[in-house]
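Down below is the structure, laid out as structure tokens.
There are 4 protein chains.
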Amino acid sequence: MAPKKGLMQRLDEGVVIGDGGFVFALEKRGYVKAGPWTPEAVIEHPEAVRQLHREFLRAGSDVMQAFTFYASDDKLANRGNESSAKHTCRGINDAACRLAREVAEEGDGLMAGGLSQTPTYLSGLGKEKTQKEFQNQIDVFVENKVDFLIAEYFEHIEEMEWAVEACVKSGLPVVASMCIGPDGDMHGVTAGECGVRMAKAGAHVVGINCHFDPFVTLDGMRKIKTALDAEGLKVHMIAQPLAFHTPDAGKQGFIDLPEFPFGLEPRICTRWDMHRYAREAYDIGIRFIGGCCGFEPYHIRAVAEELEKERGCLPKGSEKHEQWAGGLKMHTKPWVRARAGRDYWENIKPSSGRPYCAAMSKPDAWGVTAGHSDLKQKTMHTTDDEIKALQQKKK
Amino acid sequence: MAPKKGLMQRLDEGVVIGDGGFVFALEKRGYVKAGPWTPEAVIEHPEAVRQLHREFLRAGSDVMQAFTFYASDDKLANRGNESSAKHTCRGINDAACRLAREVAEEGDGLMAGGLSQTPTYLSGLGKEKTQKEFQNQIDVFVENKVDFLIAEYFEHIEEMEWAVEACVKSGLPVVASMCIGPDGDMHGVTAGECGVRMAKAGAHVVGINCHFDPFVTLDGMRKIKTALDAEGLKVHMIAQPLAFHTPDAGKQGFIDLPEFPFGLEPRICTRWDMHRYAREAYDIGIRFIGGCCGFEPYHIRAVAEELEKERGCLPKGSEKHEQWAGGLKMHTKPWVRARAGRDYWENIKPSSGRPYCAAMSKPDAWGVTAGHSDLKQKTMHTTDDEIKALQQKKK
Amino acid sequence: MAPKKGLMQRLDEGVVIGDGGFVFALEKRGYVKAGPWTPEAVIEHPEAVRQLHREFLRAGSDVMQAFTFYASDDKLANRGNESSAKHTCRGINDAACRLAREVAEEGDGLMAGGLSQTPTYLSGLGKEKTQKEFQNQIDVFVENKVDFLIAEYFEHIEEMEWAVEACVKSGLPVVASMCIGPDGDMHGVTAGECGVRMAKAGAHVVGINCHFDPFVTLDGMRKIKTALDAEGLKVHMIAQPLAFHTPDAGKQGFIDLPEFPFGLEPRICTRWDMHRYAREAYDIGIRFIGGCCGFEPYHIRAVAEELEKERGCLPKGSEKHEQWAGGLKMHTKPWVRARAGRDYWENIKPSSGRPYCAAMSKPDAWGVTAGHSDLKQKTMHTTDDEIKALQQKKK
Amino acid sequence: MAPKKGLMQRLDEGVVIGDGGFVFALEKRGYVKAGPWTPEAVIEHPEAVRQLHREFLRAGSDVMQAFTFYASDDKLANRGNESSAKHTCRGINDAACRLAREVAEEGDGLMAGGLSQTPTYLSGLGKEKTQKEFQNQIDVFVENKVDFLIAEYFEHIEEMEWAVEACVKSGLPVVASMCIGPDGDMHGVTAGECGVRMAKAGAHVVGINCHFDPFVTLDGMRKIKTALDAEGLKVHMIAQPLAFHTPDAGKQGFIDLPEFPFGLEPRICTRWDMHRYAREAYDIGIRFIGGCCGFEPYHIRAVAEELEKERGCLPKGSEKHEQWAGGLKMHTKPWVRARAGRDYWENIKPSSGRPYCAAMSKPDAWGVTAGHSDLKQKTMHTTDDEIKALQQKKK
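Residue numbers (numbering that gives the first Met the number 0), protein chains in the order written: chain A, 0 to 394; chain B, 0 to 394; chain C, 0 to 394; chain D, 0 to 394.
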């Protein structure tokens, strides 16, 4: 058996499909708590995490990203979170790697370890302390022989550069992906400049994940592409957007929307949205195409089905999904059978069934970001009085 | 250890929470094909079915319903479906029972076997042949010692009466639940009359499942309650609605909506909708409260959280979900922490992020039902020419 | 020259087109105050009232209804209204009749005097006092030789019966029209029963005006038709609905909608809505077809254009409006010329341009009506404290 | 009596309120034909035009703009229009001036003559022929001693410069206003550059009218302001936007929206929108604030009420409109009285009552403009075959 191809070779030769969103999917399944969003499920309920990995593999994901989101020590101990004390950063990152590796080997998947932004940075504690948080995770990733590293979900290019710097030392391929939109990072750096700085920091693949819907994200990616080209930087690109429509989100993305995180249902993208996303992403030249929060296995399957020709195959999961609604030919009702076909679904404008709700929302826009006192994190539980003060501030 | 309490005792003493929808959840996870909607996954991918059962158990479900939807022989062989040939009706129903039993025993769950409407009836082949289809499933359920039987997803009271008649012979408690709305069955029988006829046929619990959203369904249940009271019939009631908003669906429910089944995302209910549903259902006097298509584990958890006082406990899954968004107190962003609280979420009117889509759709209304030639089913694949003819008819 | 045909003959022989809404149109033009809604403009700005009459005549109205809405003494003196003191009931009703007569004679129009519900009734002061208010207006109408009387905008069948009784004594044809929807009057009398009681009280034409949109109104008219037929009552029918979409209005109609009266713009009907309204009204058998609040001249013109064949002519105003958008053939832009034609406009689903607004509103539903202490009227201005108390009550 | 102050002095000293839209208002009243949109009503129905002038004067307009829109010879004879033959350009412009003068003298109003873009330009016939069309109108304006000239509704800065050049020769103050949005003119000239070029061509007041809603228009005005400031150009600014919400309109504005011109109702702005518009316009530094298509007298009154302090007075029409819904204190229903107040109306998000319609539309975007063969105009009627060919092209 030939050795597995690495990330960079796969990107050079074709297209790599990422996985979807773990925190949102596992929150709905009952294993992740919205608020802290930390991944202790890898120890507490490994069967649930393993099953989700498998579903993405089956849907066409080429990458099993270990479920290490927000698994830095400072986050695991933030605002009353007991995961640090109970499970330790090392314990969680290690368990996550082993689960991802196990499922990756059930197919031809690559396995990656991931870093994200830290409370340490948000609280303004400086480069050294921030990089220490990253290093604790990277050490575990290297021990587990991950195929590559992903630094993702960073709102500030400064912290991202520190993360890439730490990752690059491992000698592994480094993917760098910020949670920004076309307007750039929280400190006013443009999207294009963010792309260039990630590449210059040493990332092999650069792009955007989370915070915005596929189409807003691709608007940002076009800016990154233009800036990279202008600088003559030859790196690959990645997009892993939300599966929620966010035309109304401001600079900070869906976090600001009043529906975040428990009322986002009407914004969930259809599989047909994902066909369009995959095609547009590919046409821009992006070769690492995946998803973030809200992306369920069927969304990834739609990406894989759209790129069937480019990949030369359909995912296993398509045995239960004939392309473009072909399975409806087997429906008992004739008017549903009449919906079997691309033309019908490509043009549908789905209704919400919610006549008392508007199409768009005014986002919160507090305008506070790293360095602002309201963003100083702490280990104690937030008190009810603190919540009341914030609610007052909101008004 | 005391023997497990049976369904009827539980209903008499308190409230029983059903599970959610298997076909829609597993379609999104990659294990069920939309169109035929048959449950061969119980043999092909038992780990996926087992995991979903576990998630519902963890979310608070008291009932593990074996995944036997549309698992009658005639449906498993309809329009090119190879599940009958590959797995047989007996094989599928048996595997489904064993999976449900396994998970039920991980908790204090009851296990049930389910029947649904048949192509045999839709094709007008008469009572004897239709009941033969039911009996084949019931035999397996009895062998597997299910705790009770559910006859659900029937559009015609006539076929439902045949099903109840067959079920009652088993000596097990029988739950009967039609997929109707406030306007009654497809042959023009009112909702109230349907309720009465189910009870008179011998069902111990009667009600409505699928086809309509929680609130339309409860409108139908109020009519059933009134009719049962008027007849002095003392039976329990069940509601297991969709988790999709359907104020615009006609008599036949969400099947008729242009978004069915691949564009329903904007209609998905929030967890807060489910709080309201659970409360209203309980107040009507319904004691078997669950969900159907679209109900994910977190929807069932919301039902269980709403009924915490009545049940005397929270579900296990609530360890990852502080009631009414309490977990948001642990969020890093202050404006999100400000959203921790009941008042915020109880009143949210979530936007769709889809300004080019309307709130409501005009449903298809072909007006054909059991007995109509367009509803005659067949074992061969539907041809492309037949699909084209239907699409023409649609216009 | 043959003498003018009377109302009843015209109704027997064909269809009579009413006029549109004066209070809303003149409010927007600057001559009527929203709140009191009284018609002192007939004295203060006769040219404005005359012009609006002319526009309706030109648009196809067969009836010039004198602008005497809410021109009873008790209303002209209610809550600080100075119109009674300044102009007197007699002065206003007389001026209104003369203006309507003047314009009616510019064409082949009939001229009518109108009565509406009174503060006297709402305040529970009894039949005698209420009828005295009516009689004061009727006296002026008779002196001015109106062609017929209209008792319209009554929410309670009881007060309507008192009005019809008073009108009938004049010997003139009497049209009776309540501002109710399919759910009937404010005291719980069904729409059908209201229709029957108006007819039995002696009205020659019965129906519905104001409060609901054309299609909700016609739902109410179908109930009236059924009830009249069941009683074998041979009277003509009238419909004069709003030109605002009100699918979400409760029993009391658009008054209850949060947008009333200064935010109704997005609800305004198009001319194409009015084509459909006119056709459906005619098909129900209604022969007096007009409009109420929101109906501008072009809405009436659309009614007249839809009924061109039935009336044997187009209105004068159609010299500036080729049917079904024919005038667009003269547009300079080719893509606008492409919109010339019935198919385009008959099927348009017009967008609001308001993505932050919902499609439907929750109406106020205070549930207070005639006899309730909150409805006692008074002659003094409402104080700011009273307003604050009401606003508190609203919350 | 002191002589009337001129436009420039008024702008220097305070704020000048323009009037609203004549073609749309008079189309609804029955006197203007949509498609050609020419103003022969000044001869055919002077009473209707005079009444509308009066309503605007009463609402607070300081300017009576003669109704000479599209009254150049080439437009009056375009595509079968008989107004040129019947009434002549001179006849129409002259009658329009006399009506405007008559009403202006009823108050302290200024009177202006207006020019708009020409079929001659759109057909590519060159500067000389285009300016000849302008000159024919200017001659009549000068004879009628208009107080100033308005060159408005130009889509191309080139044609606008030709118009300003012709106007300036008259020695009168010249207002120049293009129907562009923030994206600039149809030939790709930016909004800022358009502003600068109008000023450099000699216009004393420059700005934007028509085509976009108030807020999109003000976005364009901000760009013009910035560009004028950058060039150190000291001219006044004007804004006269639509009263239709157009967030979804492309470069060519509401003409492109599928609802134009017969389905725009749901987009109509409320009076409260106009308060916000007036305030924002004033704050930008715009001193000539009026409206275009869709602006009814009550919209202008709202502008005047918002600017009460700056103008030192309320308009006459406010005798029928207590600011911020004060008149509702006189309403008979208590829940409507509770709506009397600024807070309520300033925050209302009005519903459309149209749950089957979306919030936004995809505009037509044919991308043809001056010089394109599809824009060559002609004097003959458009044939049905030509319309069919266009409809085919649309698909």
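Each residue gets a CB set at the ideal place from its N, CA and C atoms; glycine is no exception.
Computed from a predicted model, the values in this text were never measured in an experiment.
- Item | Alpha-carbon to alpha-carbon, A:Ser372 and A:Trp365 | Reading the first sequence from its first residue, position 366 is the one you call residue 365 of chain A. Reading the first sequence from its first residue, position 373 is the one you call residue 372 of chain A. Rounded to whole angstroms, A:Trp365 to A:Ser372 spans 12 Å at the Cα level.
- Does D:Pro354 have its Cβ less than 8 Å from a Cβ in chain A? As a working note, residue 354 of chain D is residue 355 in the fourth sequence. Output row for D:Pro354: interface = yes.
- CB of C:Pro172 within 8 Å of CB of C:Met7, strictly: Here residue 172 of chain C refers to the residue found at position 173 when the third sequence is read from its first residue. Here residue 7 of chain C refers to the residue found at position 8 when the third sequence is read from its first residue. In this structure, C:Met7 lies closer than 8 Å to C:Pro172 by Cβ.
- Task: Taking C:Ala357 as the query, report the chain B residues whose CB atoms sit under 8 Å from its CB, ordered along the chain.
- Result: Counting from one through the third sequence, the residue named residue 357 of chain C turns up at place 358. Near C:Ala357 (Cβ distances below 8 Å), the residues of chain B are Lys348 and Ala358.
- D:Met220 in three-state terms, based on DSSP: Locating residue 220 of chain D in the fourth sequence gives position 221, counting from the first residue. Helix, per DSSP.
- Message: If you reduce the DSSP assignment to three classes, tell me which class A:Leu148 lands in.
- Response: Residue mapping note: residue 148 of chain A aligns to position 149 of the first sequence, counting from 1. The answer is strand: DSSP assigns A:Leu148 an E or B state.
- Task: With distances taken Cα to Cα, identify the nearest neighbour of B:Asp184 among B:Asp72, B:Glu230 and B:His155.
- Result: As a first step, residue 184 of chain B must be located in the second sequence, where it is residue number 185. Taking only the C-alpha atoms, the option nearest B:Asp184 is B:His155.
- Message: On the CB-based measure, 16 or more other CB atoms within 10 Å of its CB, does A:Asp247 come out buried or exposed?
- Response: What you label residue 247 of chain A is simply residue 248 of the first sequence in a count that begins at 1. The residue is buried, with at least 16 neighbouring Cβ atoms inside 10 Å.
- Give a yes or no on whether the C-beta atoms belonging to A:Ala33 and A:Ala40 are separated by under 8 Å. The count along the first sequence starts at 1 and reaches residue 33 of chain A at position 34. The count along the first sequence starts at 1 and reaches residue 40 of chain A at position 41. Contact flag unset, no.
- How would you list, in chain order, the residues of chain C whose beta-carbon sits under 8 Å from the beta-carbon of D:Cys268? Looking up residue 268 of chain D in the fourth sequence gives position 269. Within 8 Å Cβ-Cβ: Glu264.
- Cα-Cα, which of A:Leu75, A:Ala70 and A:Glu54 is closest to A:Gly108? The residue you call residue 108 of chain A lines up with position 109 of the first sequence. Ranking the options by Cα distance to A:Gly108, first place goes to A:Glu54.
- Message: Does the region 9 to 21 of chain C come into contact with the region 285 to 296 of chain D, if we say contact requires no fewer than three beta-carbon pairs (one atom in each stretch) closer than 8 Å?
- Response: no
- Query: In the structure shown, what three-state DSSP assignment does C:Ile267 receive?
  - Reply: Position 268 of the third sequence, counted from the first residue, corresponds to residue 267 of chain C. C:Ile267: strand per DSSP, three-state reduction.
- Message: For the structure I just gave you, are there three or more beta carbon pairs, one from the region 64 to 79 of chain C and one from the region 95 to 109 of chain C, closer than 8 Å?
- Response: yes
- Message: For a cutoff of 8 Å on Cβ pairs, would you count B:Gly361 as touching chain D?
- Response: Mapped onto the second sequence, residue 361 of chain B falls at position 362. According to the sequence shown, residue 361 of chain B is Lys rather than Gly. For B:Lys361, the answer is yes, since a Cβ of chain D falls inside 8 Å of its Cβ.
- Terminal residues of the continuous beta strand (DSSP E) containing A:Gln239? Sequence index remark: in the first sequence, residue 239 of chain A carries index 240 (1-based). Element bounds for A:Gln239: His235 to Gln239.
- Item | Reduced DSSP category for D:Asn251 - H, G, I as helix; E, B as strand; rest coil | The residue labelled residue 251 of chain D in the question sits at position 252 within the fourth sequence. The displayed chain sequence assigns Gln, not Asn, to residue 251 of chain D. In the structure shown, D:Gln251 sits in coil (DSSP, three-state: anything other than H, G, I, E or B).
- If you scan the region 72 to 149 of chain C from start to end, which runs of the beta strand (DSSP E) of 3 or more residues do you find wholly inside it? 109 to 114
- Message: At the 8 Å Cβ level, is A:Lys328 part of the contact set with chain B, yes or no?
- Response: What you label residue 328 of chain A is simply residue 329 of the first sequence in a count that begins at 1. So, interface residue.
- Bridge partner(s) assigned by DSSP for D:Gly180: Walking along the fourth sequence from the start, residue 180 of chain D turns up at place 181. Paired residues: D:Gly183.
- Message: Please state whether the Cβ-Cβ distance between B:Gly29 and A:Lys328 is less than 8 Å.
- Response: Position 30 of the second sequence, counted from the first residue, corresponds to residue 29 of chain B. Position 329 of the first sequence, counted from the first residue, corresponds to residue 328 of chain A. No; because the gap between Cβ atoms is not below 8 Å, this pair is not in contact.
- Task: Might you give, ordered along the chain, the residues of its own chain that have their beta carbon closer than 6 Å to the beta carbon of A:Ala226, omitting 5 neighbours on each side?
- Result: Translated into positions along the first sequence, residue 226 of chain A becomes position 227. Contacts found: Gly191, Gly194 and Val195.
- Task: Would you tell me roughly how many angstroms separate the C-alpha atoms of A:Pro354 and C:Lys361, rounded to the nearest one?
- Result: As a first step, residue 354 of chain A must be located in the first sequence, where it is residue number 355. As a first step, residue 361 of chain C must be located in the third sequence, where it is residue number 362. Cα to Cα, the separation comes out at about 10 Å.
- Query: Is the number of C-beta pairs between the region 252 to 263 of chain D and the region 269 to 288 of chain C that are closer than 8 Å three or more?
  - Reply: yes
- Query: By the 10 Å Cβ neighbour count, where 16 or more other Cβ atoms means buried, how is D:Gln50 classified, buried or exposed?
  - Reply: Stepping through the fourth sequence from its first residue, residue 50 of chain D is reached at position 51. Buried, since its Cβ has 16 or more Cβ neighbours within 10 Å.
- Could you pull out every unbroken alpha helix (DSSP H) segment of at least 4 residues lying fully inside the region 295 to 337 of chain A, listed in chain order? 296 to 305, 307 to 310 and 333 to 336
- Message: Contact defined as beta carbons within less than 8 Å: I believe D:Lys375 pairs with D:Ser122. What is the distance between those atoms, to the nearest angstrom?
- Response: The count along the fourth sequence starts at 1 and reaches residue 375 of chain D at position 376. The count along the fourth sequence starts at 1 and reaches residue 122 of chain D at position 123. With 8 Å as the limit, D:Lys375 and D:Ser122 qualify as a contact, their Cβ atoms being about 5 Å apart.
- Query: Can you find at least 3 beta carbon pairs, one from the region 207 to 217 of chain D and one from the region 133 to 141 of chain D, that sit closer than 8 Å?
  - Reply: no
- What are the boundary residues of the beta strand (DSSP E) that B:Met63 is part of? As a working mapping, residue 63 of chain B is identified with position 64 in the second sequence. Val62 to Gln64 is the extent of the beta strand (DSSP E) around B:Met63.
- Message: In the DSSP assignment, the beta strand (DSSP E) including A:Val204 goes from what residue to what residue?
- Response: If you number the first sequence from 1, residue 204 of chain A lands on position 205. Segment Val204 to Asn208, the beta strand (DSSP E) holding A:Val204.
- Message: For D:Lys4 and D:Leu10, I'd like the C-alpha separation in whole angstroms.
- Response: Along the fourth sequence, read from residue 1 onward, the residue named residue 4 of chain D stands at position 5. Along the fourth sequence, read from residue 1 onward, the residue named residue 10 of chain D stands at position 11. Each residue's alpha carbon lies about 10 Å from the other.
- Task: Please check the pair A:Ala150 and A:Leu114, which I expect to be a contact at CB under 8 Å, by giving their CB distance rounded to whole angstroms.
- Result: In the first sequence, counting from the first residue as 1, residue 150 of chain A sits at position 151. In the first sequence, counting from the first residue as 1, residue 114 of chain A sits at position 115. Between A:Leu114 and A:Ala150 the Cβ distance is about 5 Å, and since that is below 8 Å, they are a contact.
- Item | Among D:Asn346, D:Val205 and D:Pro118, the one whose alpha carbon lies nearest that of D:Lys224 | Here residue 224 of chain D is taken as the residue at index 225 of the fourth sequence, counted from 1. Closest option to D:Lys224, Cα to Cα, is D:Val205.
- DSSP bridge partner residues for A:Val173 (one or two, in chain order): Here residue 173 of chain A corresponds to residue number 174 of the first sequence, with the count starting at 1. A:Leu148, per the DSSP bridge assignment.
- Query: Going by Cα to Cα distance, which pick from B:Thr378, B:Val167 and B:Tyr281 is closest to B:Ala198?
  - Reply: On the second sequence, position 199 is the one that residue 198 of chain B refers to. Minimum Cα distance to B:Ala198 is reached at B:Val167.
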